[in-house]
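So in our numbering the end of the sequence shown lands on 1556, straight run, no missing numbers. Every residue, glycine too, gets a C-beta built ideally from N, C-alpha and C.
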Amino acid sequence: MGAKPAQPEFNGLVSFADPGTFSIVRRDTLLSGSKGVALLAGDIVETGANAFLVIQEPGGDLVGIGPSTDVYFVERQEVITVFVLRGWVKVDAKSGPIRITATRLGIQGHQAVMLLHADERSNEVFDEQGSTTLLPADGDARPVGKETGPSRFFLRGEQLDVLSQASPSAEFVAKMPAPFRDPLPVYAKLPEPVSPRVVRAVSYSDIESWLTIPREWRGSFVGRFRARLKDPAFFAAMDAHQAVLPEWKHVLHPPLEPDSNRLPEQSRAEGKSDPQQLQPKQGDEIR
1270 MGAKPAQPEF NGLVSFADPG TFSIVRRDTL LSGSKGVALL AGDIVETGAN
1320 AFLVIQEPGG DLVGIGPSTD VYFVERQEVI TVFVLRGWVK VDAKSGPIRI
1370 TATRLGIQGH QAVMLLHADE RSNEVFDEQG STTLLPADGD ARPVGKETGP
1420 SRFFLRGEQL DVLSQASPSA EFVAKMPAPF RDPLPVYAKL PEPVSPRVVR
1470 AVSYSDIESW LTIPREWRGS FVGRFRARLK DPAFFAAMDA HQAVLPEWKH
1520 VLHPPLEPDS NRLPEQSRAE GKSDPQQLQP KQGDEIR
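Following this line, the structure appears as C-alpha cells:
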C-alpha cells in the first residue's frame, strides 16, 4: 500500500498590512503581527476596524482579510481551509484548492476567486470568478455541495434554505470593503520576513469565541490550550463555562481511578482538580 499523501499546510507571507498590526494566536501564545510575518496552519488572526491584509503563498495563492475579521487557518485538513468566525475574506486560489467556510455556509474552488462574509445573522458567499463548489457548513444545512458559476451569490441566514442569485445583492456590494472590489494585489518582490512580536500567553477572553465554533473545526483545541489550565485565572474561567465546553469536562475534572484502599471521603477530596497539577497530554484532541 502506498504512503498516504501529505496534507496541505497553509504557509503564506503577509505582503500587505494596513494599518500595520494585527493579532495572532499561535499555539497558546498571543502575538502581534505586521507586514512580512509568515502565517501558518493553526494560526488564529484577528484584525481591527479599517484593516486590510493580503497573504501570499509560495504557489501564488492569495488570501485577503478585511476589517474587524476573525479567521482560523485550520490545521490538518485535506484541503487548505480558512474558517471565518466573523468579517470578510477574499481568496484567489491559483495553485490548489482552497476552502473558506463559516458556521452556515462555505465555498471551495481552484483557479477561482471567492468571497465570504460572516456575521451573527447570516453567511454570504460570492463566486466572483471560476468554477467553485458550494458547501454546507453545519448539521442542520440541507445538502448543497453543488457546482456554482461565476458571479453567483449565495445567502444563508437562520433559515435552512440557501438563497441563490445570479449576481450579488446591492446590500452585499455596498458593505463590501473597498479593497475587495479590486483583484488582490500580487507582489513580485515580497517584503523581508520578520518575526511576530510575543505579547503574552493567551487568556480565556482571547479564545472564548473560538472554543465554541463547530466541533469539526475546533478538534485540536483541547491539546493546544490544555497547558494554560495551570494558570488559576484561566482554569477558573474555563470551569465557569464548562456547560458550553463539553469536551473539556474530563480535563477540568478528571474521573477518579478506583482504589479499594481509599475511603470514599478520601477519594472525593483527592478528586478535586488542581490547576497546578494539570499537564498537557497526548491524545486529548477530538477526532
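Please determine, among the options, the residue with the shortest C-alpha to C-alpha distance to residue i.
i	options	result
Glu1477	Val1468, Asp1508, Glu1526	Asp1508
Ala1310	Asn1319, Gly1317, Glu1278	Glu1278
Gly1289	Gln1276, Glu1315, Arg1296	Glu1315
Tyr1456	Asp1297, Gln1276, Gly1305	Gly1305
Ser1558	Ala1406, Leu1384, Ser1391, His1379	Look at the range of the chain in this structure, 1270 to 1556, and you will see that residue 1558 is not part of it.
Ser1337	Met1383, Glu1326, Lys1444, Arg1296	Lys1444
Asn1280	Val1351, Gly1317, Leu1404	Val1351
Ile1349	Val1358, Ile1369, Ser1474, Gly1317	Ile1369
Ser1474	Gly1418, Arg1487, His1522, His1510	His1510
Val1294	Leu1282, Gly1418, Arg1493	Arg1493
Asn1319	Pro1446, Lys1518, Ala1506	Pro1446
Val1471	Ala1506, Pro1454, Gly1488	Ala1506
Ser1420	Lys1518, Asp1500, Gln1398	Gln1398
Ser1489	Glu1344, Thr1402, Pro1405	Glu1344
Hey, how far is the Cα of residue i from the Cα of residue j?
i	j	result
Gly1408	Val1340	Annotation note: pLDDT 49 at Gly1408 (below 50); position unreliable, coordinate value reported separately. Whole-angstrom Cα-Cα distance: 21 Å.
Glu1516	Val1491	8 Å
Arg1373	Asp1396	16 Å
Ala1439	Pro1452	19 Å
Gln1428	Arg1390	10 Å
Glu1461	Phe1285	12 Å
Gln1346	Gln1377	13 Å
Ile1482	Val1468	24 Å
Glu1485	Arg1450	32 Å
Leu1331	Ala1512	39 Å
Arg1297	Lys1518	Looking at the sequence shown, residue 1297 is not Arg but Asp. The straight-line gap from Cα to Cα measures roughly 19 Å.
Ala1381	Ile1334	17 Å
Thr1402	Pro1454	24 Å
Gly1323	Trp1357	According to the sequence provided, residue 1323 is Val. The question's Gly does not apply to it. When rounded, the distance between both Cα atoms is 12 Å.
Val1413	Gly1317	Any answer about Val1413 is weak, because its pLDDT of 49 lies below 50 and its placement is not dependable; what the coordinates show is given next. So the two alpha carbons sit approximately 33 Å from each other.
Glu1587	Pro1405	The displayed coordinates of the chain run from 1270 to 1556. Any statement about residue 1587 would go beyond what the structure contains.
Pro1448	Arg1487	30 Å
Asp1500	Lys1359	37 Å
Do residue i and residue j have their C-beta atoms closer together than 7 Å?
i	j	result
Phe1291	Asp1312	no
Leu1514	Leu1459	no
Phe1321	Asp1361	no
Leu1300	Pro1465	yes
Gln1325	Leu1384	no
Note down, in chain order, each residue of its chain lying with its Cβ closer than 6 Å to the Cβ of residue i, except the 5 sequence neighbours on either side.
i	result
Ala1387	Val1353, Arg1355, Ala1371
Gly1328	Ser1364
Asn1392	Ala1371, Arg1373, Leu1374, Arg1425
Leu1308	Gly1281, Ile1324
So, for residue i: in the same chain, excluding its five sequence neighbours on each side, which residues have a beta-carbon less than 7 Å away from its beta-carbon?
i	result
Pro1524	none
Gln1276	Arg1345, Gln1346, Glu1347
Between which residues of its own chain and residue i is the CB-CB distance below 8 Å, once the five residues before and five after are set aside?
i	result
Phe1422	Glu1393, Val1394, Phe1395, Asp1396, Ser1433, Gln1434, Ala1435, Ser1436, Pro1437, Ser1438, Phe1441
Val1463	Ser1303, Lys1304, Gly1305, Val1306
Pro1366	Val1348, Ile1349, Gln1377, Gly1378, His1379
Gly1418	Asp1396, Ser1400
Ala1502	Ser1472, Tyr1473
Taking 6 Å as the line, does the beta carbon of residue i fall inside it for any heavy atom of the ligand HEM?
i	result
Gly1365	Ligands are entirely absent from the displayed structure, and the ligand HEM is therefore not among its contents.
Whole runs of the alpha helix (DSSP H) within the stretch 1328-1406, excluding any shorter than 4 residues: The DSSP assignment places no complete run of the alpha helix (DSSP H) inside the stretch 1328-1406 (cut-off: 4 residues).
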